[in-house]
Ligand code: G3H
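In full-length UniProt numbering, the protein residues as written are 26 to 507.
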């Protein structure tokens with residue numbers, strides 16, 4: 026038919042990997058294009074999702090469990106055939122290393138299979154009847170409606186799908202917007218979506234949140250806002266909705282996960298884990314360790330050895346053997362990190378590793394900052410990149426009080442060996458965050474464990490099991506003994 030005004034226009038997608046042009050200058054590489062969508066295009070996607078849901082009467086929300094499972098199985102089977110292409114795009118678009126890109130793909134496939142199994146189990150459970158006070162109940166779970174999913178750039182496949190897949194299998198229809206970086210890797214999966222699900226069940230929108238997601242929210246037709254990203258975007262989108270009481274939220278937001286290194290910690294282990302925790306994918310993980318508290322008795326040795334280790338990490342292209350640090354997808358990230366370093370140094374911290382802060386083209390080498398104080402921006406802000414603030418403490422109350430005051434409450438890593446000290450500490454820590462990692466860095470997986478946070482870090486819980494509940498509501502049929 027006739028093209029809508031937004032159709033046919035395309036947005037260019039550039040790589041985080043820069044290549045040298047004929048003049049010898051480094052330039053971002055053009056990888057491909059995606060549709061340039063406007064609010065009008067996004068509203069078309071919303072209409073399609075609403076029509077497919079049809080107020081709970083549509084083909085998808087009323088489909089038998091076995092048939093919905095079959096659609097999902099068909100999708101994942103086709104998705105698996107695109108592994109090489111998606112992994113290549115993960116490396117080129119967001120600079121994720123080859124092993125991590127492969128892991129992201131495989132983990133997502135596992136997530137889908139586990140979701141299918143859990144959903145079948147949920148259905149089996151719902152076949153059971155309960156009886157209380159003469160009332161029989163057949164309790165099951167039903168969909169919520171139309172879900173708007175927005176994924177982050179650091180896990181553009183895995184985390185976008187950790188929202189989308191459970192939303193779909195529970196019978197909701199969805200509109201999803203891939204992140205700005207990590208958008209092209211959805212293209213090889215479009216055919217799998219198209220051929221596996223009925224029309225209108227999955228709808229993709231492209232563009233800036235305020236241009237394409239905000240108009241959708243304004244209509245009041247979105248039942249669930251599912252977002253992994255920053256709270257500023259989440260709040261801005263919620264605010265557009267005319268009836269917030271009708272809006273369910275599934276949000277994975279910022280965190281400032283600390284590591285606490287006690288005086289009796291196994292230092293080799295603590296340093297290894299703190300390197301992984303702070304710098305895997307250049308610190309661009311909500312679960313990254315973003316602040317290190319090290320006991321005064323061991324601070325000198327910890328700092329010396331930690332700083333030396335950071336300087337041994339290899340920077341390179343994602344496919345290079347043994348590479349640990351890779352180009353940053355956000356072009357303004359090196360300047361932002363430099364700003365945090367400058368501010369900390371102005372206020373009395375030192376960069377304690379030799380290579381810290383060296384800028385090479387589109388990268389800034391991780392800077393280890395010590396001693397960090399509360400007046401510094403790096404203490405407060407979620408850096409989401411290669412800079413590591415370290416504080417020392419004498420009394421365990423110091424990091425505990427800081428955690429209690431923090432706006433975030435996702436996870437903590439605790440390093441130490443004395444059970445008498447650790448056991449009571451754990452009881453305090455679990456009331457400050459949602460996951461305490463003993464002698465290991467923070468992480469989200471395995472994906473069957475609850476992934477959530479307190480305060481500004483999350484709303485609702487994402488794990489295979491919990492996500493099915495987050496995207497559904499309990500309903501039941503009741504009958505009386507007559
Ligand atoms: O951005 C936050 C991610 O959920 C972190 O996941 O711990 O598996 O890297 P991860």
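Glycine included, each C-beta is placed from N, C-alpha and C at the ideal position.
Since the model is a prediction, treat every value here as computed from it, not as a measurement.
Beta-carbon spacing of residue i, residue j below 7 Å
i, j, result
"residue 301", "residue 122", "no"
"residue 299", "residue 280", "no"
"residue 189", "residue 199", "yes"
"residue 377", "residue 412", "no"
"residue 322", "residue 288", "yes"
"residue 489", "residue 148", "no"
"residue 248", "residue 319", "no"
"residue 485", "residue 497", "no"
"residue 15", "residue 461", "The structure shown has nothing for residue 15, since the chain only spans 26 to 507."
"residue 282", "residue 315", "yes"
"residue 254", "residue 62", "no"
"residue 410", "residue 349", "no"
"residue 482", "residue 274", "no"
Beta-carbon contacts of residue i that lie in its chain and below 6 Å, excluding the five residues immediately before and after
i, result
"residue 91", "none"
"residue 44", "54"
"residue 511", "The first residue shown for the chain is 26 and the last is 507, placing residue 511 beyond what the model contains."
"residue 138", "none"
"residue 382", "366, 376, 392"
"residue 26", "For residue 26, the predicted model reports a pLDDT of 41, less than 50, meaning its position is unreliable; a value from the coordinates is still stated below. Excluding residues within five positions, none has a Cβ falling inside 6 Å."
"residue 234", "258"
Among the options, nearest to residue i - alpha-carbon criterion
i, options, result
"residue 403", "371, 98, 115, 386", "371"
"residue 453", "311, 125, 437, 86", "437"
"residue 434", "154, 312, 231", "312"
"residue 415", "426, 422, 401", "401"
"residue 471", "72, 89, 135, 124", "135"
"residue 125", "344, 71, 326", "344"
"residue 151", "499, 506, 504", "499"
"residue 327", "482, 374, 296", "296"
"residue 374", "386, 399, 380, 385", "399"
"residue 60", "307, 208, 153", "208"
"residue 228", "475, 71, 455", "71"
The ligand G3H heavy atom lying under 6 Å from the CB of residue i
i, result
"residue 312", "yes"
"residue 7", "In the structure as shown, the chain begins at 26 and stops at 507. Residue 7 is therefore absent and cannot be evaluated."
"residue 307", "no"
"residue 270", "no"
"residue 255", "no"
"residue 179", "yes"
Proximal residues to residue i (C-beta, below 7 Å), its chain only, five neighbours per side dropped
i, result
"residue 210", "111, 114, 115, 118, 181, 182"
"residue 223", "77, 84, 85"
"residue 418", "318, 320, 321, 424"
"residue 221", "96, 99, 100, 103"
"residue 303", "313, 314, 413"
"residue 309", "179, 409, 410"
"residue 306", "121, 125, 179"
"residue 164", "151, 155, 499, 501"
"residue 169", "197, 248, 249, 273, 496, 497, 498"
"residue 56", "38, 39, 40, 117, 118, 209"
"residue 130", "108, 111, 112, 182"
Close-in-space but distant-in-sequence residues of the same chain around residue i (CB under 8 Å, 5 per side omitted)
i, result
"residue 58", "35, 36, 37, 38"
"residue 294", "440, 464"
"residue 206", "41, 118, 119, 178, 181, 354, 355"
"residue 238", "67, 173, 175, 202, 230, 262"
"residue 107", "213, 214, 217"
"residue 266", "242, 243, 245, 247, 250, 272"
"residue 369", "394, 397, 401, 402, 403, 414"
"residue 480", "431, 432, 433, 434"
"residue 473", "139, 488, 489, 490"
Interface flag, residue i vs chain D, CB-CB below 7 Å
i, result
"residue 47", "This model lacks chain D altogether, as it is built from one protein chain only."
Does the stretch 216 to 225 touch the stretch 239 to 246, meaning 3 or more C-beta pairs lie closer than 8 Å? No: the two stretches stay apart, fewer than three of their Cβ pairs being nearer than 8 Å.
Contact between the stretch 191 to 198 and the stretch 261 to 274 (3+ Cβ pairs under 8 Å): no
Is the stretch 158 to 166 touching the stretch 440 to 450 in the sense that three or more CB pairs, one from each, lie closer than 8 Å? no
Inspect the CB distances between the stretch 419 to 433 and the stretch 325 to 332 and report whether three or more fall short of 8 Å. Short answer: they don't touch.
Hey, is the stretch 382 to 394 in contact with the stretch 332 to 348, meaning 3+ C-beta pairs nearer than 8 Å? In short, these stretches touch, since the Cβ pair count reaches three.
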